Structures are given as structure tokens and as C-alpha cells.
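Below: one structure, written as C-alpha cells.
There are 2 protein chains.
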Amino acid sequence: MTETTERIVNLGLLGCGTVGGSLVELVQGRADDIAARTGVRLRVARIAVRSLDVDRGLDVDPSVFTVDAASLVVDPGVDVVVEVMGGIDPARDLIAAALRAGKPVVSANKELLASAGAELFELADTSGVDLLFEAAVAGGIPFIRPLRESLVGEDVIRVMGIINGTTNYILTKMTEEGWSYADALAEAQALGYAEADPTADVEGFDAGAKAAIIATIAFGVGVTAADVHHEGISTVTADDIEAAGRLGYQIKLLAVAERFDDASVAVRVHPTMVPVTHPLASVRDSFNAVFVEGAAVGDLMFYGRGAGGFPTASAVLGDVVDAAVNVVKGTHASLGSFGQAVLRPQDDLDSAFYLIVEVVDRPGVLANVAGVFGANGVSIRSMEQSALADDGAARLMFITHTARESDVQHTLEALRALDVVRSVDSVIRVIGPS
Amino acid sequence: MTETTERIVNLGLLGCGTVGGSLVELVQGRADDIAARTGVRLRVARIAVRSLDVDRGLDVDPSVFTVDAASLVVDPGVDVVVEVMGGIDPARDLIAAALRAGKPVVSANKELLASAGAELFELADTSGVDLLFEAAVAGGIPFIRPLRESLVGEDVIRVMGIINGTTNYILTKMTEEGWSYADALAEAQALGYAEADPTADVEGFDAGAKAAIIATIAFGVGVTAADVHHEGISTVTADDIEAAGRLGYQIKLLAVAERFDDASVAVRVHPTMVPVTHPLASVRDSFNAVFVEGAAVGDLMFYGRGAGGFPTASAVLGDVVDAAVNVVKGTHASLGSFGQAVLRPQDDLDSAFYLIVEVVDRPGVLANVAGVFGANGVSIRSMEQSALADDGAARLMFITHTARESDVQHTLEALRALDVVRSVDSVIRVIGPS
Chain R
8 MTETTERIVN LGLLGCGTVG GSLVELVQGR ADDIAARTGV RLRVARIAVR SLDVDRGLDV
68 DPSVFTVDAA SLVVDPGVDV VVEVMGGIDP ARDLIAAALR AGKPVVSANK ELLASAGAEL
128 FELADTSGVD LLFEAAVAGG IPFIRPLRES LVGEDVIRVM GIINGTTNYI LTKMTEEGWS
188 YADALAEAQA LGYAEADPTA DVEGFDAGAK AAIIATIAFG VGVTAADVHH EGISTVTADD
248 IEAAGRLGYQ IKLLAVAERF DDASVAVRVH PTMVPVTHPL ASVRDSFNAV FVEGAAVGDL
308 MFYGRGAGGF PTASAVLGDV VDAAVNVVKG THASLGSFGQ AVLRPQDDLD SAFYLIVEVV
368 DRPGVLANVA GVFGANGVSI RSMEQSALAD DGAARLMFIT HTARESDVQH TLEALRALDV
428 VRSVDSVIRV IGPS
Chain G
8 MTETTERIVN LGLLGCGTVG GSLVELVQGR ADDIAARTGV RLRVARIAVR SLDVDRGLDV
68 DPSVFTVDAA SLVVDPGVDV VVEVMGGIDP ARDLIAAALR AGKPVVSANK ELLASAGAEL
128 FELADTSGVD LLFEAAVAGG IPFIRPLRES LVGEDVIRVM GIINGTTNYI LTKMTEEGWS
188 YADALAEAQA LGYAEADPTA DVEGFDAGAK AAIIATIAFG VGVTAADVHH EGISTVTADD
248 IEAAGRLGYQ IKLLAVAERF DDASVAVRVH PTMVPVTHPL ASVRDSFNAV FVEGAAVGDL
308 MFYGRGAGGF PTASAVLGDV VDAAVNVVKG THASLGSFGQ AVLRPQDDLD SAFYLIVEVV
368 DRPGVLANVA GVFGANGVSI RSMEQSALAD DGAARLMFIT HTARESDVQH TLEALRALDV
428 VRSVDSVIRV IGPS
């Protein structure tokens, strides 16, 4: 393809941190190849930053930088706006302004899309421009595009994802190296995978935000981070990991988005025992994967890097090329409209459970404990009893058959109320082989 | 979205076998949902078949069927042509006629695209219409679209795929159940996974055709099935499987497409020892997966059903919706142009190798054998010696460091020429952890 047939498309970046800087380098390195493949030559025209006094180590003319983000998003010299600043404010207003100005937007902002996604998607639609966000979920993994486009005709029943790399790293180290949760977290922090305050990762908030976006796209209904039930991994013990391994499972922090026959949906994040033969069990270290169950296509899995400058910038770049080609063609992709989600309450969901009950070790206790399960309609699939070192206590490990969440919660309450029960811990959901 | 905003898009199917029939059912079942999401209502308008006298068990007006495929592809009442007949003739001419008539085409035909893909892609481009073919590679797995679109800006270095379900089923049974190759093949045939003549699957022809399509799209150069080096699994023994397991590997039939720094490419299919920690090692039974290594994005994997009526029809349907939406918008996706591939000869590729050498068990033999490796520039990573039951023979198992293929082939020749060597067998390539 010769120079004369190329169309230049000017990018305006909001933010220039790790992802933004990587994107600038990628655009510079790949512009020739992209132009040869698509006829579109990408150019970084403007970059909005908070301070002009930072040396970002990029080979960019200093005049490209500006502190005036509000002007950038309406600048006639910007064809595509790329939001890699993160956070809700001012990203939300800037993206809305860009869309209203008729500029396509590529965003990597999970927090914003999990809170105001459906509203921004509809604004993009009414403005007749693209709003693309591959990088907001599962980093570099091409998942949102296959879900939106390849699977547009598919009846997606369930999506299960390992979509937080920090917690997967911690659980992998606990499983493979026998580390405690505290040691694995400390190592994740030393490697820069986990923040000093790791709450957003280890308690499932980060995965919950991504799961809300996945559910919105998979099911076509607006789901926000606030709709997601989440439980974290900070209570998972080395004993649980060991028991899981012995029973043929690996413990993973799964985000699960489901749609039921009545069109209600449920989105939740919790530690889960996954059979070792399930494809999700083999997702190690800080990798991410999203497992999709469709009525026609069966099981699918998408695997890759969920974070990091270049993997995330790669996903942004794919969207940028798409938006740029659409600008040249004068077209855009539609996300359709999003109804209000009918959320199925957590209490009404079904799952099998693993749990540990510590009891006073005396005759009749097991029958007593088992009776509580039965009285609440929870059927026991397997039980293991082991003696504890101290004063005549025993440890009972149960795995239940699939049961209603509310029945299981009533069982846990009733068990805790028994005078022979010292504690009920490590309540972990269990899934079957794929 | 109300009825009045819907646009009807009429489909003309070429063929109505397993995939075609599944597609008709899927379109019927999903049309409302697709219309709600996209504004496009799909309708199966014409189906070309060889005989009108077959009851296909479909809820379709008999007048939809025709034996005149040549008229279907230029019928003004057909908006999108869907080729699910397979084979090269007459599919090739029919697709070309449809494209020339300005009709977008969706094809699931790996054989045709592996032989005439680049030429048809260019015809689609000059005709200004879509030619989409997600289902031709890895069945229901959304891979071609992510590769074409999400990764359009990515520098793809290598693609490794388990893209033949039959051989993966056979190797899984040999690994997990300890079956012989012959027993596993017989079971695959009984289940309908393998043909009575299994050559196309077990000798790597089927995977080779798909690998040619993958290489064409990943590297933007025309690669055909004839360019693909292939070795099958029929010589893999239970001993090899056992040794692989002991050494921390699984044997998989991999299709590998690589691009080198000088822009040459190599595409090959061969049994491969894959480390158990590699994501491809966990792909079991008849599942498929494609593993992509990109310069920016790192490692990706796409996993799912590589065959079967509904999974394949699901992939076809995704393409059909895309083509239909583009018809309504008056746009299409471009595949760009494809240069001639510069193929790197198999002799110039690098790999580590596993091999078995049976020798006469007498002093000095090991030094003799090891000397042959050294003389040919092949470095040994590990060696195991075991006695054989019969008359003083021994079995030497070698794994080499990465070596040039031609050096390894010279080593094999020289070993076979040694009078102390009885046989050299089970030459299997070995890859490292991802």
C-alpha cells in the first residue's frame, strides 16, 4: 500500500502512565505495519497529563503534551480519544464530552465502566460513534470483542473468570509452594502485583467491577459493581489448599456471571474449588482466563495477561485500530441498548459447598452435626473426620451436594449454635468438572 | 427495538449437512434475540442441496431448497451466502461467483481456504464485500476474528495450536488411560471422531490445512496447505507417552506457525512434548486450543470445541451476523493484501528433540553414541539408559538442547549407520515452559 492511499488518524490520549506510555511506544513501533494492513496511519497528536514537568522517557515532541484534557476531547485535531487515566472523575465527564463531540472513545477504565457503563454505551450509540473497552476486562486478552461480535448470536449461559492476577498469583504460590496466605501476599506486594493496601484485589472488588462489565455485555442488561456479591481470599488457609489438592481441586478466585431461564442474572466473586481437570484450574501465576458456557458453542476459554503496560496497551491498540478504521469508513459498531438487570438474590443461587466444622470429639457428635444439614435440606456428598491435637477436639470436613444458598446459610447458623461445635470455617463453593 | 426498525437479511446456504442443519436451527432459535441486539432479522431464504429427496428434519418450507447452487449465489433474494458444503469443487467457483456478484460470503471450508485463501480474500477485497471464515479453523472457538481485529496491531511471533480434535482425543486416552495408539484410534472411530481412513487426522493433514490459514492471517502472507511440513501421531508409542509423563511433559500434536526476524515464515505439524505447566498441556479429549505469542501482549490462548454441528454453526452464525450488519450499513471488513510467503526450510528450524536409540549393550557404546551428537553440533540435555529384556541390548533415551533441524537429521543418519545401533525411533520435538 503506498503513502498516497494512507489516511492519517490522530489520537488524543487522556493520561500517560504505564499503559499510556506503552501505548505511545506501540503506536510508534507498529504504525507502518498497521498502515500496510489497514490503510490507516495512527499518530499520537495530543496527550493530556497532570503535569508537564515529568520526563516520561518517550520519543514525543513536547508540544504534544497538554494539561487541558477538556480541550483535548473536543479538539478538531483529535480523531479518536483514548482514555487511559483511570478513576471515575474526571474520566466520566471527559468521555461523555468526547462522545457528544462525535469522537470515538477507547477506554481501559474498568472502574468507570462498571459504574456507568450502560449509560456511556447508550450515549455512544445516540452519538453514533464507537466506545470500545477491550482493555477494561482481562487486560490483554481479546475477550470483549469476541463476546460482543463472535458470540452475538450465542445464548451465553454462564461466564466464569479468573480476572484478578494478584489473587491468582497468591493462590498459585499457596498451592504450588505451600506458602501461607500472608507470605504469598507479601511476595505479591514485593513484586508489585499487589498494592500496599491489597483490599481491592484480595476482597474481590477489582474482579467484581470486571464481572459487572462482562455481565452487561454478555447478557445485554446493565449491571454495576454494586450489584456484585463478593467474597475474598484472605480467609483461605493452607489447610484448605491442601484439602482441595487431596480431593482433586484447586482453589481459584472466580468471578461468575450467570443468566437464568427467567432472564434474571446473578454476578458474584468468591473463592471456588475448581476440579483439576477443568481448564480454569491450569491458569497459573498472575495469568487471567475467562471461561464461557454457551448453549450452541459449548465451553470456551480465553487466556492471557490480565495486566501490565504492554499487554493492556496491546488491547487498547486493537480497539484504536478498529475505531480509526471506522472513522475513515464513516461507520461504527453499535452496542445496542441495555435493559435494567433483574438480579437474582444471592440467597436463591445454587452451589455445592466445602466447609470445616470443629467439634468436641465425643460420641454422637457426627450424627448431631449431620442432622443439622438434613434438617435444612442440605445433602452431604462427602465427609472426612480428623482428630485435632488439642483436648479431644475433632475436625470435620464436609462437601455438600448442590444446595440453595439460603439453606446452606441456615445450616451454618444452626451449626454455630450447637454447643458441640467450636467453629465453622472455610466455607468455599465447589464446582464440578466442565 | 421495535419491529419497524428491523431490517431483514436473507441467507442463502450452500449445503445442508451437520453444520448447515445446525445453523438453520440456530438462526430460527436466535433470530429474535439477534434482531433485538442488532436490528437485523436473519432469514434462511434459500438452501442449495444435492438432492431434494432427503428429509433433513428441519422446520423449513420445502420451497426453500434448490439443487441449483449456481443460481443461488447470484439470486437477488439472497443477501449473504453461507458455504457449508465443504470440498474445493464446486465450492471455490460458487464462492467466487457470489463475491463477484457483490454478495458477502461466510465459509467454514478449511480445505478450500488452505488452498485458495489468499486469492479469495483478494477477490472479496476487490469486490468490496466480506469473506468471513471463523468456523474454518478451530470450529467454535472465536480465534480468526480476534486474530484479524483485536491483534491487528500486534507483532505476532508464533502461533501453536491443538487444532485436530481426533488426535487430541487419541493422545489424551493414551496419556490418561494408558491405551495403545491402536486402541485409542479404534475408540475414536467408534465414537465417530475419526474416519474409517483416519489418515487426514492422524498424519496431520487436517491440522496442516488449518495451520496454513492461521499463518496467512497472522502474518499477512499467502501460505497454503502444501507449504506445511507435517508429521503425524501414528508412530507415538505408549512408551513415549510414559516417558513424557515421567519427565514432566504431555505429548500433543501441535501445529506451529512462526515468523522470523527476516520475515520468513515456517508452518509445521508434529507431535510435541509440551511441559505439563504449559497451558496447551491441559487441553484434553477432543477440545482444541490455539496459543499465540505476541511481542506486546505476551501469551494468549483460545480454547473450545474444534468440531461438531452446533459449535461450528455458532462460529458461522457470528460471522453471518457480522456480514448481515455490514450489508445493512453498506460497509465491509478488509483483509488487506497478501504477499507471497518466504518459507524458511524445515532444515533451518531450531528445536529440542526427544529420541530413543536402541544399542548393543557393551562398554564404550554410550561414548560412541554421544560422540555422534557432538560431531554434528547437537548438545545433549539429558540421557537415560535402561536395559532391555533381550540379549544384551540397551535403550538410550536422549533429550537434546535446542538444535538445528539439519544437524539433528544428520545425527539420526549417523546414529543409524553405527553398527552398535539397532534402531533410532520416537523422534519427537520438545518445547519449553511458556
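Those protein sequences? They're chains R and G, same order as listed. Convert by adding 7 to the 1-based position in the first sequence; the result is the number in my numbering. Convert by adding 7 to the 1-based position in the second sequence; the result is the number in my numbering. Don't be surprised by glycine CBs; every beta carbon is placed ideally from N, CA and C. Values in this document were obtained by computation on a predicted structure and should not be read as measured data.
- Using a CB distance cut-off of 8 Å, G:V379 does not count as an interface residue toward chain R.
- For G:A121, the enclosing alpha helix (DSSP H) has its first and last residue at K117 to S134.
- DSSP places R:I95 outside both helix and strand once states are collapsed to three, so it counts as coil.
- In the structure shown, R:R388 falls within a strand segment according to DSSP collapsed to helix, strand and coil.
- In terms of Cβ geometry, R:Q347 and R:G227 do not form a close pair [threshold 8 Å].
- DSSP, read as helix, strand or coil, puts G:G229 in strand.
- Across the structure, G:T242 and G:L287 are spaced so that their CA atoms are roughly 21 Å apart.
- If you ignore the 5 residues before and after G:R155, its C-beta comes within less than 8 Å of the C-beta of I224, A340 and L342, all in its own chain and listed in chain order.
- Under the Cβ criterion of 8 Å, R:L307 is counted among the residues facing chain G.
- For G:N17, the enclosing beta strand (DSSP E) starts and ends at R14 to L21.
- Assignment of G:R50 by DSSP, reduced to helix, strand and coil, places it in the strand class.
- Excluding the 5 residues flanking it on each side, R:R152 has same chain C-beta neighbours closer than 7 Å at E141, in chain order.
- A contact is defined here as three or more CB-CB pairs under 8 Å, and the stretch 261–275 of chain R fails this definition with respect to the stretch 276–292 of chain G.
- Contact between R:I363 and R:R402 holds: CB atoms are separated by about 6 Å, below the 8 Å threshold.
- At a cut-off of 8 Å between beta carbons, G:F345 makes no contact with chain R.
- Taken through DSSP and simplified to helix, strand or coil, G:K217 comes out as helix.
- Using a Cβ distance threshold of 8 Å, R:V376 and R:V367 do not count as a contacting pair.
- Counted as a single uninterrupted DSSP element, the beta strand (DSSP E) harbouring R:G305 occupies residues G305 to R312.
- Taking 8 Å as the CB threshold, R:S289 lines the interface with chain G.
- Secondary structure of R:L254 (DSSP, three-state): coil.
- In the displayed model, G:F345 falls within coil according to three-state DSSP, outside both helix and strand.
- Boundaries for R:Y188: no beta strand (DSSP E) harbours it, while the alpha helix (DSSP H) harbouring it runs Y188 to A197, taken from the DSSP string.
- Under the Cβ distance rule, R:V334 does not count among the residues neighbouring chain G, no pair being separated by less than 8 Å.
- The CB of G:E156 comes closer than 7 Å to the CB of R152, G325 and D329 in chain R, given here in chain order.
- The DSSP-derived three-state label of R:R369 is coil.
- Counting every other CB atom within 10 Å of its CB across the protein chains shown gives G:V297 a total of 16 or more, marking it as buried.
- Taking C-beta separations shorter than 6 Å and ignoring five residues to either side along the sequence, the partners of G:I240 in its chain run T174, V209, L260 and P278, following chain order.
- Proximity to G:A189 across G:L178, G:E183 and G:G199 peaks at G:L178, based on C-alpha coordinates.
- Inside the stretch 35–83 of chain G, DSSP marks whole beta strand (DSSP E) runs of 3 or more residues at positions 47–55, from first to last along the chain.
- Secondary structure note for G:S433: its beta strand (DSSP E) is the uninterrupted segment V428 to V437.
- Taking a contact to require three or more Cβ pairs closer than 8 Å, the stretch 122–137 of chain G and the stretch 44–62 of chain G do not qualify as touching.
- CA-to-CA, the gap between R:V323 and R:I406 works out to about 43 Å.
- The C-beta separation of G:S433 from G:T206 comes to about 20 Å, leaving the pair out of contact by the 8 Å criterion.
- Within the stretch 225–247 of chain G, those residues whose Cβ lies closer than 7 Å to any Cβ of chain R are, in chain order, G227.
- Under the Cβ criterion of 8 Å, R:T284 is counted among the residues facing chain G.
- For R:T409, the three-state secondary structure derived from DSSP is coil.
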